[in-house]
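Numbering follows the numbering used here, with no gaps: position 166 of the sequence shown is 171.
No residue lacks a Cβ here, since even glycine has one placed at the ideal position from N, Cα and C.
This one's a predicted model, so the numbers in the text were calculated from it and none came from an experiment.
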Amino acid sequence: MFVRRRGKDAAGSSASHTTATLTLPHAAHLLSCRVLDTVHQPVRRAAFEVTDPIGRHVVSGETDPYGGFAAAVPEGEYRLTVTAEGYAPFHGATLVGDTVQSGTAEIILDSVEPPLLPQPGHWELDPAHSSIAFTARHIGLARIRGRFNTFAGAVRIADRMEDSSMHVIIDAASIDTGLRMRDDHLRSADFLDAVHYPTVEFYSERFIHRSGSRWTVAGALTLHGTSRSVTLDTEYLGLGTGMEGEPRAACRASAELHREDFALNWQSVLANGIAAIGSSVDVTLDVQIVRKA
Numbered sequence: 006m007f008v009r010r011r012g013k014d015a016a017g018s019s020a021s022h023t024t025a026t027l028t029l030p031h032a033a034h035l036l037s038c039r040v041l042d043t044v045h046q047p048v049r050r051a052a053f054e055v056t057d058p059i060g061r062h063v064v065s066g067e068t069d070p071y072g073g074f075a076a077a078v079p080e081g082e083y084r085l086t087v088t089a090e091g092y093a094p095f096h097g098a099t100l101v102g103d104t105v106q107s108g109t110a111e112i113i114l115d116s117v118e119p120p121l122l123p124q125p126g127h128w129e130l131d132p133a134h135s136s137i138a139f140t141a142r143h144i145g146l147a148r149i150r151g152r153f154n155t156f157a158g159a160v161r162i163a164d165r166m167e168d169s170s171m172h173v174i175i176d177a178a179s180i181d182t183g184l185r186m187r188d189d190h191l192r193s194a195d196f197l198d199a200v201h202y203p204t205v206e207f208y209s210e211r212f213i214h215r216s217g218s219r220w221t222v223a224g225a226l227t228l229h230g231t232s233r234s235v236t237l238d239t240e241y242l243g244l245g246t247g248m249e250g251e252p253r254a255a256c257r258a259s260a261e262l263h264r265e266d267f268a269l270n271w272q273s274v275l276a277n278g279i280a281a282i283g284s285s286v287d288v289t290l291d292v293q294i295v296r297k298a
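Printed below as a string of structure tokens:
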């Protein structure tokens with residue numbers, strides 16, 4: 006439901022408060038909205054996007070602690086999209102201009118139930134329908150993308166999801182960026198040193214529910230013989246059924262790693278002082294697990 010309210014919301018006044026005045030550029034108009042749940046509580050940090058009638062991006066951002074969002078835009082018609090964890094997405098339209106009643110619009114988001122969790126028991130990663138990928142910065146400009154082709158893992162789902170655990174083992178030599186010379190260098194002692202450290206391992210016993218389908222999986226990553234605490238920002242995607250009727254569950258997770266934390270210190274500096282390889286590496290996991298018989 007999208008309701009346009011006449012007039013501005015009443016604000017508590019006090020001599021000790023300072024009021025800031027927003028001066029709009031000539032021909033600009035204020036698009037102002039509040040995002041609320043079904044009991045009229047503000048939805049914080051909801052993602053807000055404004056586009057024109059043919060889908061071109063105009064402005065985007067997040068709602069403030071009071072569920073508010075405001076932007077200066079030219080007169081015209083706009084499409085609004087609002088998404089927030091645990092709520093159904095909102096799509097609507099509004100007119101902005103001198104002929105339109107000024108005020109603050111209200112957008113009411115309907116809550117949705119989070120997806121069902123996997124049944125307690127032992128599950129295992131399905132490598133054929135999973136991927137472990139990474140992205141690194143090259144010469145301060147382009148991004149190099151790669152993946153590990155060989156890995157295995159097990160997940161123990163507890164009666165209480167927060168008590169679950171997982172263990173993933175990756176074959177370090179299976180690194181693949183699509184260029185053999187580069188991959189051989191990454192396997193060498195300059196980087197992974199796959200001869201002496203043939204596996205990369207992640208183990209976790211901390212599943213932390215954040216909200217809706219969002220979880221944090223905290224554990225220890227052992228890479229290049231060094232173990233460090235790593236937190237995976239995880240989105241649980243729900244349950245499904247495979248081609249042979251087997252139960253499946255899926256999730257997507259990401260983390261930012263820093264090479265120096267794992268003693269991966271090789272570096273080459275270009276003539277202009279830019280490092281050939283960036284310090285941080287973004288890791289993305291798309292995982293499906295299947296129930297063990």
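Express the C-alpha separation of residue j and residue i in angstroms, rounding to a whole number.
i: Tyr208; j: Gly224; result: 5 Å
i: Glu80; j: Ala98; result: 14 Å
i: Pro30; j: Pro94; result: 31 Å
i: Cys75; j: Leu114; result: Correcting the residue identity first, residue 75 is Ala in this sequence and not Cys. Computed Cα separation, rounded: 18 Å.
i: Ser37; j: Arg219; result: 29 Å
i: Pro125; j: Ile213; result: 16 Å
i: Leu226; j: Thr56; result: 41 Å
i: Thr204; j: Ile162; result: 24 Å
i: Val160; j: Glu265; result: 29 Å
i: His34; j: Val64; result: 13 Å
i: Tyr202; j: Arg49; result: 45 Å
i: Leu290; j: Ala32; result: 47 Å
i: Ala141; j: Arg215; result: 28 Å
i: Arg61; j: Arg39; result: 23 Å
i: Met186; j: Val222; result: 34 Å
i: Ile149; j: Thr182; result: 7 Å
i: Pro70; j: Met166; result: 30 Å
i: Gly283; j: Thr155; result: 25 Å
i: Thr109; j: Gly66; result: 17 Å
Reducing DSSP to helix, strand and coil, say where residue i ends up.
i: Leu191; result: helix
i: His34; result: strand
i: His127; result: strand
i: Arg185; result: helix
i: Ser65; result: strand
i: Asp168; result: helix
i: Ser179; result: helix
i: His134; result: helix
i: Arg264; result: helix
i: Arg39; result: strand
i: Arg49; result: coil
i: Ala141; result: strand
i: Val200; result: coil
i: Gly250; result: coil
i: Ala225; result: strand
i: Phe54; result: Reading off the sequence shown, one finds Glu at residue 54, where the question assumed Phe. Three-state result, Glu54: strand.
i: Thr88; result: strand
i: Val173; result: strand
From which residue to which residue does the beta strand (DSSP E) around residue i run?
i: Gly73; result: Gly73 to Pro79
i: Arg61; result: Segment: none, Arg61 is in no beta strand (DSSP E) and carries neither H nor E.
i: Ala268; result: Premise fails: Ala268 is in no beta strand (DSSP E) and is neither H nor E.
i: Thr289; result: Ile282 to Arg296
i: Leu244; result: Thr231 to Thr246
i: Ser209; result: Thr204 to Ser216
i: Val101; result: Phe95 to Val101
i: Val160; result: Phe156 to Ile162
i: Thr117; result: A quick correction: the sequence has Val, not Thr, at residue 117. That residue, Val117, is in no beta strand (DSSP E); it is neither H nor E in DSSP.
i: Gly3; result: No information on residue 3 is available, as it lies outside the stretch 6 to 298 that the chain covers here.
i: Ala110; result: Ala110 to Ile113
Our contact map puts residue i next to residue j with C-beta atoms below 8 Å; I'd like the distance itself, whole angstroms only.
i: Ile175; j: Arg192; result: So it is not a contact: roughly 13 Å between Cβ atoms.
i: Val286; j: Phe139; result: 5 Å
i: Ala255; j: Leu237; result: Rounded, the Cβ-Cβ distance is 14 Å, inconsistent with contact.
i: Val292; j: Ala260; result: Actually they do not touch by this definition, with Cβ atoms about 13 Å apart.
For a quick check, are the C-beta atoms of residue i and residue j less than 8 Å apart?
i: Thr3; j: Ser116; result: The requested residue 3 is not part of the displayed model; the chain covers only 6 to 298.
i: Gly245; j: Leu121; result: no
i: Glu206; j: Val173; result: yes
i: Glu90; j: Gly217; result: yes
i: Ala268; j: Thr231; result: yes
i: Glu129; j: Lys297; result: yes
i: Thr86; j: Ala51; result: no
i: Leu41; j: Gly73; result: no
i: Ala199; j: Ala178; result: yes
i: Val295; j: Asp131; result: yes
i: Pro47; j: Arg84; result: no
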